[in-house]
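Residue numbers (our numbering): 1 to 165.
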């Protein structure tokens, strides 16, 4: 049996509020937004190379300097969720796709609802860009971090930093 390393975390200020990034030695496990109320429950922060790289890359992303993350990921999920999350990582910066597009890309047009559920359960927000998935009608749909955050992330990626401030 392989031992699993215990998770550590760092918090960072961002244009979307306080964020927490969690990781094990193998990679990033969570990126949480809007954690102001929960900060005390997180316990002491502990920097690791993976966490420091994640924070550096998130800061570069928010500064408009990074378009693609290069981090080891270690999210827990089902095989289907991992398939969806891998497809989300293939959506180019600044572009959006529909849930149906993702279902088709993973080879199962009937899995639109399941894709939506997997998208909603993505634990590594921004790095795994679930914010780039919109409704088939082009409208913004649910986002765990709140639709206002989704709108701001998409504005940043469209090169509208004034809307992001």
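Even glycine gets a Cβ: it sits at the ideal position worked out from N, Cα and C.
What residue does the alpha helix (DSSP H) around residue i start on, and which one ends it?
{"i": "residue 99", "result": "99-105"}
{"i": "residue 109", "result": "Unbroken run through residue 109: none, as it is neither H nor E."}
{"i": "residue 95", "result": "First-last for residue 95: undefined, no H or E at that position."}
{"i": "residue 86", "result": "79-88"}
Tell me, please, which residues DSSP counts as bridged to residue i.
{"i": "residue 166", "result": "Examination of residue 166 is not possible in this model, given that the chain is present from 1 through 165 alone."}
{"i": "residue 48", "result": "Paired residues: none, contrary to the question."}
{"i": "residue 9", "result": "22"}
Helix, strand or coil for residue i per DSSP?
{"i": "residue 133", "result": "strand"}
{"i": "residue 152", "result": "helix"}
{"i": "residue 73", "result": "strand"}
{"i": "residue 147", "result": "helix"}
Identify, in the order they occur along the chain, each residue of the same chain with its Cβ nearer than 7 angstroms to the Cβ of residue i, setting aside the five sequence neighbours on each side.
{"i": "residue 10", "result": "21, 45, 47, 51 and 55"}
{"i": "residue 3", "result": "In this prediction, residue 3 has a pLDDT of 48, which is less than 50 and means its spatial position is unreliable; what the coordinates show is noted afterwards. Same-chain partners within the cutoff: there are none."}
{"i": "residue 140", "result": "134, 147, 150 and 151"}
For residue i, which residues of its own chain have a beta-carbon under 6 angstroms away from its beta-carbon, when the five flanking residues on both sides are left out?
{"i": "residue 112", "result": "99, 100 and 103"}
{"i": "residue 96", "result": "132 and 134"}
With respect to 7 angstroms, is the separation between the Cβ of residue i and the closest non-hydrogen atom of the ligand GDP below this value?
{"i": "residue 90", "result": "The ligand GDP is not part of this structure, which contains no ligands at all."}
Just to confirm my understanding: we take residue i, look at its own chain, exclude 5 residues before and 5 after, and list those with CB closer than 8 angstroms. What are they?
{"i": "residue 182", "result": "Residue 182 lies beyond the stretch modelled for the chain, which goes from 1 to 165, so this question has no answer here."}
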